[in-house]
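Notes to accompany the following structure.
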Amino acid sequence: MRLVPSVAKYSFPPTHTWHTGTTWGRPERSAVATRHTRSRSNKRTKSFLSRTQTVRFVRLGSNPSPCRTLDRVRAFVTGATGFVGSHLAERLLAAGWAVRGLVRPGREAALPAGVEPVRGTLDDLPALRQGCAGCEVVFHVAAELDGDAPRERVLHVNVGGTENVLRAAEEAGVRRFVFTSSVAVYGESAPEAAGEDTPLRPTGVYGESKVLAEDLSFSHHARGLVEVVVLRPCFVYGPRDRRFTRTLVRVLRGGWFPVVAGGSAPLDVVHVADVVEAHLLAAVSPQAAGRAYNVTDGARRTIRELLRIASRALGVRVREIPVPAWAVGPAAVTLRGLAQLFRVPGAHLLSPGNLRAMLAPHHFSIARARAQLDYAPRYQAETSLPDVLARLS
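Numbering (the working numbering), first residue to last: 1498 to 1890.
Pasting the structure below:
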């Protein structure tokens, strides 16, 4: 796969600061377009929106969704067999969209029923071209989520893969490209209730890769060939989640949990159904093009409050293991080693990055998404997290 620029260029000085929409320190270009490209983009948008039917409610589980449905709009979803991607594909089908999903050969059975399989990977440009052909919207959800994976692999998948999907989307004349990023782009020093214009200071390779992928996406948007919308979800929980939700269950059932700085730092979460609705709204909102949006459930909770919600739901008593802020790194190594030695469930959760996440403030504003996307989260952790955990326990 072609990586542009080369992997060797992906270096992040610890004091460098990124700003939303910037590309390698150059001035923001996300809103820049020539008269010709603006005209071409506006024509595609008007054609697309003219096919938007009257607002109707489509049920997702037991809750009606206010998102508009479209007359057989075709979408291509990368990561369609994953956690968020599979829920997104199902929601699109329920709303009447025609959906294609990128899937590794041999994994077709993992696709939601009704999704047209496109066999390939993010390295496979012919497969990506096939997936994008005739589509009006591309949802790029696929990513390497493991922050402990080799640096080159994370950059290869999350940056190079995004470049390949963007290239295929432009060649196919796709109208809108919705990119699933992460609040990890803000790093560990984001202020309370950080908005989308907060300087980006990623501290791990995953966050760094998402910043680079965002910059690539906005640079393609500036060329006027495809409209880009970036979504930044926080910790996502829900059915079929094999990472955050399932690991939380395993660790809590082990009877202990590491708590940094008394567990007083806020930690935002969001139900996968709300993340999916944000994706649909990002696909149809005329004013969303060229912008980034935080996606949370809108509430502020501390890690200790979330632990209490989860432990009550599971009916377990959890011993908190205090970890001082200055000892996060050494403590993570020691605790993970002991947990693995004694076969404590969920030992792999105790990485330095995850412990730092518990210490750093993670509360983000969704005011822009509420105002511009009409995003209104319907799930709150106090009621929905216990239900999800009960299904996994």
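All C-beta atoms in this analysis are idealised placements derived from N, C-alpha and C, irrespective of residue type, glycine included.
Using 8 Å for Cβ pairs, my map puts residue i next to residue j. What's the rounded Cβ distance?
i            : j            : result
residue 1682 : residue 1697 : 5 Å
residue 1760 : residue 1801 : 3 Å
residue 1677 : residue 1718 : That pair is no contact at about 16 Å.
residue 1864 : residue 1692 : 7 Å
residue 1794 : residue 1876 : 6 Å
residue 1744 : residue 1885 : That belief does not hold up - the Cβ atoms of residue 1744 and residue 1885 are roughly 13 Å apart, past 8 Å.
residue 1757 : residue 1820 : 5 Å
residue 1601 : residue 1573 : That pair is no contact at about 16 Å.
residue 1796 : residue 1870 : With a Cβ gap of about 18 Å, residue 1796 and residue 1870 do not count as contacting.
residue 1633 : residue 1672 : 5 Å
With DSSP as the reference, identify every bridge partner of residue i, one or two as the case may be.
i            : result
residue 1861 : 1691
residue 1767 : 1733
residue 1760 : Answer is none; residue 1760 lacks a bridge partner.
residue 1614 : 1598
residue 1823 : Paired residue(s): none; residue 1823 is not in a bridge.
residue 1755 : 1818
Using DSSP with H/G/I as helix, E/B as strand and the rest coil, what is residue i?
i            : result
residue 1570 : coil
residue 1789 : strand
residue 1619 : coil
residue 1739 : coil
residue 1633 : coil
residue 1748 : helix
residue 1700 : coil
residue 1870 : helix
residue 1677 : strand
residue 1534 : Annotation note: pLDDT 43 at residue 1534 (below 50); position unreliable, coordinate value reported separately. Residue state, collapsed to three classes: helix.
residue 1550 : Any answer about residue 1550 is weak, because its pLDDT of 39 lies below 50 and its placement is not dependable; what the coordinates show is given next. Three-state DSSP puts residue 1550 in coil, outside helix and strand.
residue 1609 : coil
residue 1875 : coil
residue 1528 : Unreliable placement is indicated for residue 1528, whose pLDDT of 35 sits below 50; the coordinate value is still reported in the next sentence. Here residue 1528 sits in coil by DSSP.
Just to confirm the assignment, what range does the beta strand (DSSP E) spanning residue i have?
i            : result
residue 1724 : 1724 to 1730
residue 1720 : First-last for residue 1720: undefined, no H or E at that position.
residue 1819 : 1816 to 1820
Need the endpoints of the alpha helix (DSSP H) that residue i sits in, please.
i            : result
residue 1803 : 1800 to 1811
residue 1884 : 1878 to 1889
residue 1589 : 1580 to 1591
residue 1650 : 1648 to 1652
residue 1658 : 1658 to 1669
If we cut at 8 Å on Cβ distances, does residue i have a partner in chain D?
i            : result
residue 1882 : No chain D appears in the structure shown, which is made up of a single protein chain.
Do residue i and the ligand NAP come close, with the Cβ less than 7 Å from some heavy atom?
i            : result
residue 1668 : In terms of ligand content, the structure shown is empty, and the ligand NAP therefore cannot be addressed.
Contact between the segment 1659 to 1670 and the segment 1766 to 1773 (3+ Cβ pairs under 8 Å) = no
* To do: Check whether the segment 1716 to 1733 touches the segment 1788 to 1803, counting contact only when three or more Cβ pairs, one atom from each stretch, lie closer than 8 Å.
  => yes
Are the segment 1739 to 1757 and the segment 1697 to 1710 touching by the rule of at least three beta carbon pairs closer than 8 Å? no
- Item | Touch test, the segment 1602 to 1617 against the segment 1575 to 1591, Cβ-Cβ under 8 Å, three pairs minimum | yes
query = Looking at C-beta atoms only, is the number of pairs between the segment 1664 to 1674 and the segment 1640 to 1652 that lie closer than 8 Å three or more?
reply = no
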